[in-house]
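Peer 1:
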Amino acid sequence: MKFTESQLEQAFIDLLSEQGHTHISGRQLDRTPEEVLLVPELKSSLKKRYAKNNITDAEIDGIVRNLLLLPSSDLYESNKTFMHWLRDGFVLKRDDRSQKDLFIQMVDFEHPENNTFQMVNQMEIQGTSLRIPDGILYINGLPLVVFEFKSAIREEAVMHDAYVQLTTRYKRNIPALFKY
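First residue of the sequence shown: 1, per the working numbering; consecutive thereafter.
1) Just to confirm, are Phe12 and Phe147 a CB contact at a threshold of 8 Å?
2) Starting from the N-terminal side, write out each stretch of the alpha helix (DSSP H) that is 4 residues or longer and does not extend beyond the stretch 71-110.
3) I think Pro33 touches Ile125, with their Cβ atoms under 8 Å apart; what is that distance to the nearest whole Å?
4) Check whether the stretch 69-80 touches the stretch 102-118, taking contact to mean three or more Cβ pairs, one atom from each stretch, closer than 8 Å.
5) Can you check which of these residues, Gln99, Arg27, Met119, Ser73, is closest to Gln56 by C-alpha distance?
6) Are there three or more Cβ pairs, one per stretch, closer than 8 Å when the stretch 128-137 is compared with the stretch 6-25?
7) Any chance you could list the beta strand (DSSP E) runs of at least 3 consecutive residues sitting entirely within the stretch 46-75, in chain order?
8) Which residue from Glu110, Pro112, Ile139, Leu92 puts its Cα closest to that of Glu59?
9) Output the distance between the C-alpha atoms of Leu70 and Glu18, rounded to the nearest integer angstrom.
10) List the residues that DSSP assigns as beta-bridge partners of Phe147.
11) Compute the Euclidean distance between the alpha carbons of Gln122 and Ile139, then round it to the nearest angstrom.
12) Comparing C-alpha positions only, which one of Asp96, Leu86, Phe90 sits nearest to Asp109?
13) On the three-state DSSP scale, how would you describe Val120?
14) Going by DSSP in three states, Ser6 sits in which element: helix, strand or coil?
Spelled out as structure tokens, the structure:
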């Protein structure tokens, strides 16, 4: 029995679904092809996590804007900045200066159950060219893992080739895939 790339993709989707990840087909997302960040999910996550701190919609919009404004002209620095924000968090200066600044973490590492995990497959992404990753794992609307599946039944398909193809296709988008 042959095990095709689409079967491998579906096996990953099923495995992640069993772990509580929501599966979404990229074709079902309401977005433009240039958008990779899942803004509604990110906003919802931040609003829920910082509701007790009375975070405002404008402050959440500012966080999203800062992510989207990371320059693609210096992707190394942008990726470094994004990874720092993701890993270590950052301080949000409040719009109302009478309120205490907020320490923001986009992913709840202490309580993973508070995060939203989504597996999106076959999502068309338009940058300098059209790309369709086999899968993207999102946490709280942030694209953090890109999957490019390769069939193990083809002798010429080796992991090194998959890595080369992935880095060639997305070299300016790893790990900050939302910058196209």
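Backbone N, C-alpha and C fix where the C-beta goes; we use that ideal spot for every residue, glycine too.
Peer 2: Well, looking at it:
1) Position 12 of the sequence shown, counting from 1, holds the residue named residue 12. Position 147 of the sequence shown, counting from 1, holds the residue named residue 147. Cβ distance < 8 Å, so Phe12 and Phe147 count as in contact.
2) List check, alpha helix (DSSP H) in window: 75-88.
3) Here residue 33 is taken as the residue at index 33 of the sequence shown, counted from 1. Here residue 125 is taken as the residue at index 125 of the sequence shown, counted from 1. The C-beta distance from Pro33 to Ile125 rounds to 6 Å, short enough to meet the 8 Å contact threshold.
4) Taking 8 Å as the limit for Cβ pairs, the verdict is that the stretch 102-118 does not touch the stretch 69-80.
5) Taking the first residue of the sequence shown as position 1, residue 56 is located at position 56. The question names Gln, but residue 56 is Thr in the sequence shown. With distances taken between Cα atoms, Thr56 lies closest to Gln99.
6) Taking 8 Å as the limit for Cβ pairs, the verdict is that the stretch 6-25 does touch the stretch 128-137.
7) Listed in chain order, the beta strand (DSSP E) runs fully inside the stretch 46-75 amount to none, counting runs of at least 3 residues.
8) Taking the first residue of the sequence shown as position 1, residue 59 is located at position 59. Comparing Cα positions, the closest option is Leu92.
9) Within the sequence shown, residue 70 is the residue found at index 70, counting from 1. Within the sequence shown, residue 18 is the residue found at index 18, counting from 1. Near 34 Å, if we compare the C-alpha coordinates of Glu18 and Leu70.
10) Here residue 147 is taken as the residue at index 147 of the sequence shown, counted from 1. In the DSSP secondary-structure assignment, Phe147 is bridged to Gly135.
11) Along the sequence shown, read from residue 1 onward, the residue named residue 122 stands at position 122. Along the sequence shown, read from residue 1 onward, the residue named residue 139 stands at position 139. Separation of Gln122 and Ile139 (C-alpha to C-alpha, rounded to the nearest whole angstrom) is 17 Å.
12) In the sequence shown, the residue the question calls residue 109 occupies position 109. Reading the sequence as shown, one finds Phe at residue 109 and not Asp. Of the residues Asp96, Leu86, Phe90, the one whose Cα lies closest to the Cα of Phe109 is Leu86.
13) On the sequence shown, residue 120 is found 120 positions in, with the first residue counted as 1. It is a strand residue.
14) Here residue 6 is taken as the residue at index 6 of the sequence shown, counted from 1. Here DSSP, grouped into helix, strand and coil, assigns Ser6 to helix.
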